[in-house]
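Some notes on the structure that comes next.
In this note's numbering, the protein residues as written are 9 to 1099.
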């Protein structure tokens, strides 16, 4: 106690309230003598009711078996053995399941709801049943008021018969005897009742308080009462030297004792609280330690009055040492919810230590959430139907597991492979002889069947085996079954044999003999001759070689050609290609030839390629050459193809075919076309070239009129010089025009006057050219000037005729008779004709000049050819072969035709620089530039390489040092781990030994429950993790408790008595065993049980 007046409890202490001595009904022991349980014994098996039970039934029941009917047969089921201590505890405890005289009704506490009971709940007491409360914790010898708290199920009155029996007297200061039966009325409209006469009990004494509850007859159907607890409240008058008479009067006036008796949940008035504090300190000799459970409480302190500790979730009790109903496992986080599965549990409560829920007989698991062994299909949990060959099955499907005696199947209802029998009818599974038993190395069946008629076996052979006993190989299989370990293996013929043919493969070696699908070989793995493809995929196809291009020796008449067996490639003749030898090779043609494809034989100098058309044989010729082999001059060319083919330059629109003479080069004009090059329309045809349509027949008549006009103009011209003296003034204008025309005619005459000289010169030049041509080049032909000479001669004659005609007209005196207008028109026409003739003459002169230039060039070329010979021809071919496009493509890249791509010759940039190459160009110049850039970058990389190598070396050294340090740390850590593991192993062995000792101690039936409780509390006080020294200290404490446990002589005497009884039972068991052997041999009784 602390405080100025020593009236307050110290920290960790409290003053008990008046109702501190409270005894819960659910912790009391049932009184078996008061009223027996209403639960009847389970009925015995139907065998016991028949009056003809076998004599063995009692024997098996004594041995711990029960009888169970399954599939029309009686099955023995061993009962679960329970220890004597468990049976004693069941006799001393109140059950939870209904149907008993006493039943615990747990109450779960809900936040916000008032708590009208104490402890875990109440006990439902049947009329006539009783409870025994054990009182052994009173601190002072004095008078106590006995209080019973209860809850009626119906408004009926009950009477509680209270009987106190002293077991040990303790201090012995009480002067009155508490023994004897006392009656206490329990009204139906109240929740508590106080015994009128106080009872005196000694400190340190042990008392049995037996209370039997009887209902007062009132006609109500209810026959149960809910009992909460029994309490002992000290009487203030019996407290020695307790304050003054005024305090006692105040205690009575404010009914402080009544509040504790009838209303324990209500708060006491301040005066009552002070008196109760003083009275509690006097009774208990000061304050009492809180003793809050370190696991279940939030701290070591408790309320100053009453000593109620602050509990963790789901923890109840003054000391927070008990889990609330429907919770378990007192631990650092409080108690966990039982969470019993209502489908398999008989109650919502569970074991408060292990959490085990109360399950139905066929249900198991902590939460009662699955079927126990031997049952399946939760929550119905039906028994496993395994024909007595297994005790367990799949909990979901009911399929039997671990079938015995060579049985298999979902219900162990058939024999496993290699055995025969009928487990469903009791026929055991026996080995099949096919031809030997399973495991002998000569068992070749999957199953066998017993024939009841023939009393023989029929084997179901494995694949590849045949015969009644599977002792020979079937079609398509091979093997020497006389050898141990041998079996019939599939003939490896790649599915190219008839599986039903006994002779398809050798029965011993497995060699394939009758290959199908055009295959051959010891495994039918190849296509036979004349076929090709994948024999393994049954894809051998006939060779389809073209006989025209295939070697004759590989294509015999009357049989397929032979080709490659894998690719189908046919053996081709020379110059023939293709998988089927059905086309000519490049450079060959005429597949239909007698000996296959023939060489193209294209002229190497005049052909563009050696490849010709594979049907016609036509070679691709250069523009000036022609012929199939390009060995002739081509279209519009003439000359010697071995030397030179000269262009004829004929207009192809106006020529026939061929367009010119192949030797002279003369153009061969078609009808209606004329000219040296066949490029103009002939007289009598429309001048629109190249149509040159034939003119209308009247064209001939107009041509005659034009000739007449020309002659008239010549006459007029002759008259013009004589008309000067006879003109009239009116004719001056006309005369002037005539004079102008005369001048033009004079010029024309002068022009024609020069023509003979020019003509002579041209003729001489022509003769010289012809002589030169005859001497220099036999195929060089010059134009024939004869037509030109005729045209010039014609113009000269027309001019002379016109001049004479004019002179003749001038000699006549009568000019006025001539119509001046008609003369002017005629003169105008003649003038136009003269101008055209003049133009033609000029063109002729130009032609002559061109001919002279051509002659000079020809002479120069001929002289060079004569001096250089074959070298000149080679150079000429090389020069002709040069191409600017090719050079552009090779040097700059691209197509060589467009400056916008990769450039080339005569291509410039906007800055005036030449353009050649580019990013995507593959010419020599861009490639060389790329190589130069790459070399420069490689040079720079090589210059920086030493520094980078040095840096890498430093990094490697640092990594190596780090790895070495890590290795040393790892070794040090490994050493520490080894030491720790050794220490841990030693401590673990000690802990195991301690646990085993504690387990043996707890399982010992001779140990007193108080000693078990002490050990259990010591174990529950363990708080992990703690220091090793604390753990060792706790282990030593538990060892001391185990070693200091007292041995009870009573239990030893009982053990001796049990030993003598056991010996007598052993003798009787031997007798029953002998009778059981006889029972097993008795076939009649066996058939009776089966029925």
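We put the beta carbon where it would ideally sit given N, CA and C, even for glycine.
Is DSSP giving residue i helix, strand or coil here?
| i | result |
| --- | --- |
| residue 1089 | For residue 1089, the pLDDT reaches just 46, beneath the cut-off of 50, and the residue's location in the model is therefore unreliable, leaving the point undetermined. |
| residue 947 | helix |
| residue 562 | helix |
| residue 1165 | Nothing can be reported for residue 1165: it is not among the residues displayed for the chain, which extend from 9 to 1099. |
| residue 763 | Residue placement at residue 763 cannot be trusted, given a pLDDT of 44 that sits under 50; the coordinates are not used to answer. |
| residue 992 | helix |
| residue 148 | coil |
| residue 221 | strand |
| residue 510 | coil |
| residue 536 | coil |
| residue 941 | helix |
| residue 953 | helix |
| residue 32 | strand |
| residue 932 | helix |
| residue 659 | coil |
| residue 189 | strand |
| residue 645 | strand |
| residue 27 | coil |
| residue 613 | coil |
| residue 288 | helix |
Checking 8 angstroms against the spacing of the C-beta atoms, do residue i and residue j come in under that value?
| i | j | result |
| --- | --- | --- |
| residue 671 | residue 622 | no |
| residue 925 | residue 915 | no |
| residue 342 | residue 315 | no |
| residue 659 | residue 687 | yes |
| residue 511 | residue 544 | no |
| residue 428 | residue 457 | yes |
| residue 175 | residue 141 | no |
| residue 33 | residue 130 | yes |
| residue 331 | residue 348 | no |
| residue 553 | residue 589 | yes |
| residue 496 | residue 482 | yes |
| residue 569 | residue 555 | yes |
Starting from the C-beta of residue i, find all residues in its chain whose C-beta is less than 7 angstroms away, skip the five residues before and the five after it, and write them out in chain order.
| i | result |
| --- | --- |
| residue 692 | 702, 703 and 707 |
| residue 625 | 597, 598, 608 and 636 |
| residue 449 | 492 and 493 |
| residue 680 | 689, 690, 693, 700 and 702 |
| residue 577 | 571 and 587 |
| residue 567 | 538 |
| residue 438 | 427, 428 and 429 |
| residue 585 | 591 and 593 |
| residue 513 | 484, 486, 499, 501, 505, 519, 520 and 521 |
Please go through the same chain and pick out, in chain order, the residues whose beta-carbon is closer than 8 angstroms to the beta-carbon of residue i, but skip the five residues on each side of it.
| i | result |
| --- | --- |
| residue 488 | 494 and 516 |
| residue 111 | 102, 103, 104, 105, 131 and 132 |
For the putative contact between residue i and residue j, defined by C-beta atoms under 8 angstroms, what is the C-beta separation to the nearest angstrom?
| i | j | result |
| --- | --- | --- |
| residue 152 | residue 242 | 6 angstroms |
| residue 167 | residue 222 | 5 angstroms |
| residue 211 | residue 148 | 5 angstroms |
| residue 380 | residue 370 | 6 angstroms |
| residue 31 | residue 296 | Contact doesn't hold; Cβ gap of about 17 angstroms is too wide. |
| residue 3 | residue 377 | Lying outside 9 to 1099, the shown extent of the chain, residue 3 is not represented and no answer is given. |
| residue 629 | residue 615 | 6 angstroms |
| residue 310 | residue 317 | 5 angstroms |
| residue 520 | residue 499 | 6 angstroms |
Output needed for residue i: all residues of its chain with C-beta closer than 6 angstroms, excluding positions within five of it in sequence on either side, in chain order.
| i | result |
| --- | --- |
| residue 18 | 10 |
| residue 373 | none |
| residue 115 | 125 and 129 |
| residue 393 | 419 |
| residue 173 | 216 |
Does any residue of chain B bring its CB to less than 8 angstroms from the CB of residue i?
| i | result |
| --- | --- |
| residue 383 | Given the protein chain composition of this structure (a single chain), no chain B is represented. |
Just to check, is the beta-carbon of residue i closer than 7 angstroms to a non-hydrogen atom of the ligand NAP?
| i | result |
| --- | --- |
| residue 153 | Annotation note on the ligand NAP: not contained in the displayed structure, which lists no ligands. |
Does the structure place the region 401–411 close enough to the region 432–450 that three or more beta carbon pairs sit under 8 angstroms? no
Inter-stretch contact at 8 angstroms, needing at least 3 Cβ pairs: the region 537–554 / the region 567–582: yes
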